[in-house]
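Comments concern the structure below.
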Amino acid sequence: MGEMTTENPGIIPFPHTVGGAMIKPEDKGKIKGRAISAMYDQTEMDMKQIYEQMQFLAEQAKTIQNRVSVSERIYQAKMSFDPIISRVYHLYQKNDGTDTLSLVAPEEWGKSCPFTFVATVKLLADHTWEVIKEGDLEF
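The sequence shown: position 122 = 111 (my numbering), numbered continuously.
Take a look at the structure:
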């Protein structure tokens, strides 16, 4: 019995008594493999989420840039009134190529509209313009 006893039973790789718990060495390669696989799954999911957020932000930036372009054109147009935030207006192009902003909708002109309809727009709180309906000409 002297061979199978020790003063420090916690450091031997087998049970030190007959009723002791069985000690099995862990397969370190298997543990690391599962951990690495889980890590790749999680980071791939996180990267996909970040990519989707980047796409959304890029679309928002493009929308804002389009609003700026539209707004620049509208502010260069002739206006015979002071536009009010959240109101809808109509942009037309005259025969000489200049633009004019109007309160009159295309359908209100009847058959005798003297201009080419460009867009129906709405003035936003930041003083940019949102295109509600595009007309015959592109921005």
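The beta-carbon is built from N, C-alpha and C at its ideal position, and this holds for glycine as well.
Inclusion of His79 and Ala94 in the CB contact set at 8 Å is warranted, their separation being smaller than that value. Taking Gly124 as reference, the option from Leu112, Leu113, Phe104, Thr87 with the minimal CA-CA separation is Phe104. A straight-line Cα-Cα distance of about 23 Å links Glu33 and Glu48. Closest in C-alpha terms to Asp88, from the list Ser60, Lys17, Ile0, Gln54, comes Ser60. Within the segment 19 to 85, the complete beta strand (DSSP E) segments at least 3 residues long are 77 to 82, listed from N- to C-terminus. In the structure shown, Glu119 adopts extended strand secondary structure according to DSSP, grouped into three states. In the DSSP secondary-structure assignment, Lys111 is bridged to Val77, Glu119. The beta-carbon distance between Val110 and Ile63, rounded to whole angstroms, is 6 Å. This is short enough to meet the 8 Å contact definition. Burial is judged here by how many other beta carbons sit within 10 angstroms of a residue's own beta carbon; Leu90 has at least 16 and is buried. Per DSSP, the continuous beta strand (DSSP E) segment holding Ser91 begins and ends at 88 to 91.
Scanning Ile20, Val57, Asp16 for the CA closest to the CA of Leu112 turns up Val57.
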